[in-house]
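**Student:** Counting in the numbering used here, the sequence shown runs from -10 upward without gaps.
Sharing a structure with you now.
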Amino acid sequence: MVFLILSFSACNTSKNQEDLSSQCCGECMEAFSQSPVAVGAAGANCGEFTTGKPISDRCREYFKNNPRTVAECE
């Protein structure tokens, strides 16, 4: 029974992480599309370029711990 609870918890955490990844990549790509960055998507790190529409604090923290480029989010 404990195994089932732990398995469900791990699965639920993984699902939440996937949802956050999708949400944050969406924010990153939207921000990149509005940014005058002089590099391509492969050279633009999510959460590290300034735009007219910044990403949320939650996603900024996500990318601090899980670095990705715009190209990796596409």
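Every residue gets a Cβ at the ideal spot worked out from N, C-alpha and C, and that includes glycine.
Starting from the Cα of PRO25, find the closest Cα among SER11, TYR51, PHE38, GLU50 and give me that residue.
**Tutor:** PHE38
**Student:** For the putative contact between PRO43 and ALA60, defined by C-beta atoms under 8 Å, what is the C-beta separation to the nearest angstrom?
**Tutor:** No, PRO43 and ALA60 are not in contact; Cβ-Cβ is about 20 Å, not under 8 Å.
**Student:** According to DSSP, is ASN54 part of a helix, a strand, or is it coil?
**Tutor:** helix
**Student:** In whole angstroms, what separates the C-alpha of ALA70 from that of CYS17?
**Tutor:** Coverage of the chain is limited to positions -10 through 63, which leaves residue 70 absent and any answer about it impossible.
**Student:** Over the uninterrupted alpha helix (DSSP H) stretch that includes GLU61, give me the two end residues.
**Tutor:** 59 to 62
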